[in-house]
Amino acid sequence: MRPTVNLDGSTLSPAEVERIATNNADVKISDDAWGKVEIARNVVDGILERGETVYGINTGFGALVHQRISPDDLAQLQTNLIRSHATALGDAMSRSSVRAMMAVRINSLVKGHSGVHPEVLKQLVDFLNNDIVPFVPRIGSLGASGDLAPLSHMALALLGEGMVLDAENKPAPTSTVLREHGLIGIKLRAKDGLSLINGTSQMLAFLTLAERKLNALLPLADLILCTSMEARKASVQPSDPRVHNARPHPGQNLVAQRIRALMGNSPILNSHADCERVQDAYSFRCAPQVHGAVLQRYWSMADTLNIELNS
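The structure is reproduced here in structure tokens:
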């Protein structure tokens, strides 16, 4: 039985995103999150019932902010928003990147701040659990304003339009693939389109998958350093804790600890006792400071990533 990642808007980790991205886990929205989604949707429906004017729900977008949209046209407004913004270009995002993007988008929407209709989230979950992956060109993000164009290609597939990736990762008509899985495209309601595309889920998906690679590579850098020290008969003395406690940066100290642990049984530890060489190359002696600085920047990035994944 495949493992399931619970999406609740608060506890998603980079490792879980990676499992979803590589199709090694199904997704499920928690009962508590569904409750938040229902409450937020009721807010949107209440605005419509009271006839209030709220941007993105019953107004135009951008320069058309003062244009009031009639109730009969609200659903079409959202569909038009998706179709008009599905203008990304360039090579397609990889299958894993799109799956990560979809998972991140779900986790953001289930926090209950967007007012998206539950049917939209059910469609996203069905796509992931059936490995239906939209065809999304890579280029088109507007940065802080949102990954509008890439997310529009994702949203277009939810409607049964556009293209998805087939088993060979080639573009195929979405409508055909949905029929094969017994699914149909959804109809957007007021605010649904804006909720789907006004976010940074594409760049966050890219960052998450990059973080997973760094998480594996950075410890390897220390291991490779130690094998190089073995090959060059370098001394471990520059990693002495007294040296690094004098300037106690946490990354630097951790790397020095790793070097001492990895080299603990090395026969070269005392190699400088009776040799004529005064000191090793600077690149060996300052490795904890260099690797440690990178490690601290990684920690800072990972902290930001974890906040963004659950925002």
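Take 19 as the starting number for the sequence shown in my numbering and just add one per residue.
Ideal placement from N, C-alpha and C gives every residue a C-beta, glycine not left out.
Handout entry: THR218 in three-state terms, based on DSSP
Key = coil
Exercise for the section: Could you spell out the range, first to last residue, of the beta strand (DSSP E) harbouring ARG276? Expected result: Here ARG276 belongs to no beta strand (DSSP E); instead the alpha helix (DSSP H) covers 268–280.
Exercise for the section: Give the straight-line distance between the Cα atoms of ILE202 and ASP44, rounded to the nearest whole angstrom. Expected result: 20 Å
Handout entry: Limits of the alpha helix (DSSP H) - the one that GLY310 falls within
Key = 305–327
Exercise for the section: Quick one: using the 10 Å Cβ neighbour count with 16 as the cut-off for buried, is CYS304 buried or exposed? Expected result: exposed
Exercise for the section: Keeping to the same chain, check which residues put their C-beta closer than 7 Å to that of ALA58; ignore five residues upstream and five downstream. Expected result: GLY130, HIS131, SER132 and GLY133
Practice task
From the DSSP output, read off the bridge partner residues of ILE157.
Solution key: LEU107
Handout entry: Check whether VAL261 and GLY310 have beta carbons under 8 Å apart
Key = no
Practice task
Run the CB neighbour count on ASN283, radius 10 Å, all protein chains shown included, and call it buried at 16 or more, exposed below.
Solution key: exposed
Exercise for the section: Using the Cα positions of ALA228 and ASP144, report the straight-line distance between them to the nearest angstrom. Expected result: 26 Å
Handout entry: Distance CB(VAL35)-CB(ALA121) smaller than 8 Å
Key = yes
Exercise for the section: Taking only the alpha-carbon atoms, compute the straight-line gap between LYS54 and SER48 and give it to the nearest angstrom. Expected result: 10 Å
Exercise for the section: Please confirm whether LEU327 and LEU30 have their CB atoms less than 8 Å apart. Expected result: yes
Exercise for the section: Give the straight-line distance between the Cα atoms of LEU66 and ASN41, rounded to the nearest whole angstrom. Expected result: 39 Å
Handout entry: Distance CB(LEU196)-CB(GLY178) smaller than 8 Å
Key = yes
Practice task
May I ask which residues mark the beginning and end of the alpha helix (DSSP H) holding ASN60?
Solution key: 49–68
Practice task
Indicate the three-state DSSP secondary structure (helix, strand or coil) for ASN263 in the structure shown.
Solution key: helix
Exercise for the section: Would you kindly work out how many angstroms separate the C-alpha atoms of LYS163 and LEU235, rounded to a whole number? Expected result: Inspection of the sequence shows that residue 163 is occupied by Ser rather than by Lys. C-alpha separation (whole angstroms): 32 Å.
Practice task
Could you check the C-alpha separation between ALA185 and PRO168 for me, to the nearest Å?
Solution key: 21 Å
Problem - First through last residue of the beta strand (DSSP E) which encompasses THR22 - result: 22–25
Handout entry: Under 8 Å between C-beta atoms of SER257 and PRO306
Key = yes
Practice task
Quick one: using the 10 Å Cβ neighbour count with 16 as the cut-off for buried, is THR194 buried or exposed?
Solution key: exposed
Exercise for the section: Let me know if ASP91 comes out buried or exposed under the rule of 16 or more other beta-carbons within 10 Å of its beta-carbon. Expected result: exposed
Handout entry: Given ILE100 as reference, the closest of ILE204, GLY200 and PRO136 once Cα atoms are compared
Key = ILE204
Practice task
Report yes if the CB atom of LEU241 is closer than 8 Å to the CB atom of LEU280, and no otherwise.
Solution key: yes
Handout entry: Residues that ARG86 bridges to, as DSSP identifies them
Key = THR77
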